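Inspection log for the structure reproduced underneath, given as structure tokens.
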Amino acid sequence: MPAGCPPHSTTASLPQHGDRGFPFAAAAAAGQAPPRPRPAAAMQFMLLFSRQGKLRLQKWYVPLSDKEKKKITRELVQTVLARKPKMCSFLEWRDLKIVYKRYASLYFCCAIEDQDNELITLEIIHRYVELLDKYFGSVCELDIIFNFEKAYFILDEFLLGGEVQETSKKNVLKAIEQADLLQEPRHEYFNVPVY
Amino acid sequence: MVVPSLKLQDLIEEIRGAKTQAQEREVIQKECAHIRASFRDGDPVHRHRQLAKLLYVHMLGYPAHFGQMECLKLIASSRFTDKRVGYLGAMLLLDERHDAHLLITNSIKNDLSQGIQPVQGLALCTLSTMGSAEMCRDLAPEVEKLLLQPSPYVRKKAILTAVHMIRKVPELSSVFLPPCAQLLHERHHGILLGTITLITELCERSPAALRHFRKVVPQLVHILRTLVTMGYSTEHSISGVSDPFLQVQILRLLRILGRNHEESSETMNDLLAQVATNTDTSRNAGNAVLFETVLTIMDIRSAAGLRVLAVNILGRFLLNSDRNIRYVALTSLLRLVQSDHSAVQRHRPTVVECLRETDASLSRRALELSLALVNSSNVRAMMQELQAFLESCPPDLRADCASGILLAAERFAPTKRWHIDTILHVLTTAGTHVRDDAVANLTQLIGGAQELHAYSVRRLYNALAEDISQQPLVQVAAWCIGEYGDLLLAGNCEEIEPLQVDEEEVLALLEKVLQSHMSLPATRGYALTALMKLSTRLCGDNNRIRQVVSIYGSCLDVELQQRAVEYDTLFRKYDHMRAAILEKMPLVERDGPQADEEAKESKEAAQLSEAAPVPTEPQASQLLDLLDLLDGASGDVQHPPHLDPSPGGALVHLLDLPCVPPPPAPIPDLKVFEREGVQLNLSFIRPPENPALLLITITATNFSEGDVTHFICQAAVPKLFRILNPNKAPLRLKLRLTYDHFHQSVQEIFEVNNLPVESWQ
């Protein structure tokens, strides 16, 4: 809440309680929505990885060197895999919020900015899984391994530059279908491997 | 010999078939060699397949930089299959750090103007993922054109590409601002969503844009209202909530537009109330919208009633069975606890319940929130909960919990006894996790509560007898036993059960602490000094104490050795002074936490250590060390006995006067005492680095023929002047001298009132 905004409660202003000694609360109370220092996307990156830590998809919406990407991936995978099943889907990591969810043997992990809504990010992840499911027909990890390029194409019809571009499941799947039909050589069934 | 290249899926099979890491590496290296050869040969037919394979191994962590140029070639091809993989490769392998990335600008430009929608889609997607600032500048006109295209498929992508471009090149805002008004009239959800994202980005970057877009608030309200009341539409709904993605985005924009703006906030007030009350909260989608609504309500100039509604929604979230919802509720309440304290207080019981969460990130937030909610009326109940939490909480939260409890206790303790009990409990439960100044604070507190001396020492003795491993507790206990050992032995204390303790037990306990390998050097110091003090408090003979003291005279620890030697000397040579030296300590005053609070309030991220009140440094020994005995014959140059190591154990503090503007003029010396040739002079210096400080040097000179022995000089100032002299009252000093001169004991006590004006102004 803006530090400069006059308080709305009618009680006399109390001395600051919560932020002594607790960096999070102080930082959070002191300045929400500061001007964004860098041209970051709402979603910074999305990673898919298996229970063994093997990367299955990596979509980066911010420019980072290969080395940095590897480092982030390694650390984050470790952190997420260390989480116990009963823990919540959100964690704070570096200066980002991480939203992750496990579907069967795959972890879907997104990094969002401080002012982004974690709950809607869970919906984004879920929508993506639904799209994959519809496309592959009861998707499993193997589908994503053997058709990784398709997983990217589908994601690119749902999110663009880290933002949601299409909220209709139907429209996304239609677009993929049409693109598949354009591929040469033409095949009768669009999900037969071309490569 | 032409080896037919492996299909992508066959390669993947082969890699997965590898039993070891080394085998996998072998397979991949072999294949990469083929791929490199194929690239060198320039085979256009299989290029897309080769790149696809390369992208796969790249994901496994292997180098793929030699495929970068191939991406360019594939993008430039006319085949859609080639373009699809080429653009994917560009997004994965090329980024703005590589010079090569600029080479795709031309291809993108061509593809954007080609008019084939899927191709345009690919180009826009790539541009918005990895487009650098230069690329964005170059291609802005193309993207602008596409904003007005008839096809919604391309338009929605063009809009989000514009968002990316503005992020990279803020000046492009002027290009993409004008079309927004028209785009906002679209019905297509994708376009609408993109437009709102674009407007949000423009407003966040420019106050002028923000002002400009305030006028669309009514339109946004209308769109959202339609969305909410429209009813179920299978295409865009999730669990009965109409297009939650779009709702959340609109709410976010409303938040930015309504912030600090009465009129806009007013316009959206009713709508927010409507969304807050009507959204279906049975599933996550609804809760996501509700959460965003709450964030918006709290951030704009909303009516008081609406704010309370929002806090109550968060309170309801706290009771939700979904852990994620509880998490966002706790995080948001933490942000609100300052501005809407009373509203959040209403949910205190629920918050306290959350301390029992199994998930550490939730219990941590619950802890922070609980500590923020402690006030004078609920302190007893809250402390009980928090202390229970301290006993069972995960180790990484212990330190924060302990500190939090101690701070809260300091601020809101209803009685001193309660305060002492609380600190004692914390020290016994989480002694190793408390901050360093907890010991000082507790000794200070106990020292000041005279009526509780007997109680404190009794309790501490019991605690120590049980467990000598928790260092802060041991230190405080040792100090107390030393100071109030007589009360301990007296045996009567109404507050707790009478306990008969005999001297030998007490001494044995302190010796145990001294000898224990768990005791830190500082702790040993406390114990040794406590033993020493007991020599005057106890009735029995001091042989046991003397023995211990002399043993430690050869201790390896230098500090301990020095003290032991001094104490030993005290026994042997200065026994008559022992009682005076080991007297009960007067209360040391120090700045309370309040003063520090105001100073730290404005700072972000107050560090735990910064919040600690700074105890006044007793620089007493410095004053006495300045005794410059120009004593000819006397060989007995007396070192002032080491005053008790506990902080604040001295009678004298350096006069710390408020900052006086420079330059400090030299202050004249002052003769304060003269008797039979013994003279005492005061000289004053202000150190240049710290003009607020005044150093007084006492020089004693013996002009007579007789020796002066056993010289002690003590100086004291009235309480007023202890730390600050805010009123700039004339400085007064009391001096006490005892010495032997001409075979007579001389004792003089006098006040010095005529200190030079410059010393206290």
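Chains as they are written, first to last, in my numbering: chain A, 48 to 242; chain B, 29 to 789. Note that beta-carbon positions come from the ideal geometry of N, C-alpha and C, so glycine has one too. Just so it is clear, the structure is predicted and the values come from calculations on it, not from any experiment.
The DSSP-derived three-state label of Q230 (chain A) is coil. Of all residues in the region 177 to 200 of chain B, only P180, Y181, K184, K185, I187, L188, T189, V191, H192, I194, R195, K196, V197 and P198 come within less than 9 Å of chain A when Cβ atoms are compared, listed by chain position.
Distance from the CA of E320 (chain B) to the CA of L36 (chain B), rounded to the nearest whole angstrom, comes to 44 Å. It is roughly 28 Å from the alpha-carbon of L221 (chain B) to the alpha-carbon of D350 (chain B).
Ranked by how close their Cα comes to the Cα of E385 (chain B), the residues B:T228, B:R354 and B:V454 have B:R354 in first place. Taking R253 (chain B) as reference, the option from B:K173, B:L274, B:I777 and B:N134 with the minimal CA-CA separation is B:L274. With respect to L434 (chain B), L395 (chain B) sits apart: the two C-beta atoms are not nearer than 8 Å.
Put simply, of A:S152, A:T120, A:E188 and A:R98 the residue whose alpha carbon is nearest the alpha carbon of I145 (chain A) is A:T120. At the C-beta level, L584 (chain B) and L559 (chain B) stay beyond 8 Å of one another. In the DSSP assignment, F319 (chain B) falls within the unbroken alpha helix (DSSP H) covering N312 to D327. Counted as a single uninterrupted DSSP element, the alpha helix (DSSP H) harbouring R351 (chain B) occupies residues R351 to L364.
Taking the Cα of V55 (chain B) as reference, the smallest distance to any Cα among B:R44, B:A65 and B:R64 is reached at B:R44.
Looking only at A:L166, A:F195 and A:V176, the smallest Cα-Cα distance to K216 (chain A) is reached by A:V176.
Per DSSP, R703 (chain B) lies in no alpha helix (DSSP H); the unbroken beta strand (DSSP E) holding it starts and ends at I695 to R703. Contact between the region 405 to 414 of chain B and the region 353 to 369 of chain B is not established, with fewer than three Cβ pairs separated by less than 8 Å. For V186 (chain A), no Cβ of chain B is located within less than 8 Å of the residue's own Cβ. If you draw a 10 Å sphere on the C-beta of V586 (chain B), you find fewer than 16 other C-beta atoms in it, and that means exposed. Residue-level contact check: V211 (chain A) touches chain B, since one or more beta carbons of chain B fall below 8 Å from its beta carbon. Listed along chain A, the residues sitting closer than 7 Å to D123 (chain B) by beta-carbon distance are P110. Against chain A, a Cβ distance below 9 Å from Y355 (chain B) picks out C135, S136, F137 and E165. In the structure shown, the three-state DSSP call for K106 (chain A) is strand.
Considering only beta carbons, the part of the region 139 to 170 of chain A lying closer than 7 Å to chain B consists of N164, E165, L166, I167, L169 and E170, in chain order.
Within the region 99 to 157 of chain A, the runs of beta strand (DSSP E) that reach at least 3 residues and sit entirely inside it are, in chain order, 102 to 107, 137 to 140 and 143 to 150.
Using a Cβ distance threshold of 8 Å, M97 (chain B) and D123 (chain B) do not count as a contacting pair. E320 (chain B) reaches chain A at N164, L166 and I167, counting residues in chain order whose Cβ is nearer than 9 Å.
Taking the Cα of R68 (chain B) as reference, the smallest distance to any Cα among B:E52, B:F94 and B:R53 is reached at B:F94. What A316 (chain B) touches in chain A, judged by beta-carbon distance under 7 Å, is N164, L166, I167 and E170, going in chain order. In this structure, the alpha-carbon of D271 (chain B) lies about 44 Å from that of S420 (chain B). The three-state reading of DSSP puts F731 (chain B) in coil, since its state is none of H, G, I, E or B.
T157 (chain B) carries a helical assignment under DSSP once its states are collapsed to helix, strand and coil. Within the region 251 to 275 of chain B, contact with chain A at the beta-carbon level (separation under 7 Å) is assigned to E263, H264, I266, D271, P272, F273 and L274. Assignment of V780 (chain B) by DSSP, reduced to helix, strand and coil, places it in the strand class.
G208 (chain A) counts as buried, since at least 16 other C-beta atoms from the protein chains shown sit within 10 angstroms of its C-beta.
The C-beta of V113 (chain B) comes closer than 8 Å to at least one C-beta of chain A. Distances from the alpha-carbon of N288 (chain B) to those of B:V269, B:D298 and B:I325 put B:I325 closest. In the three-state DSSP reduction, N469 (chain B) falls in the helix class (H, G or I).
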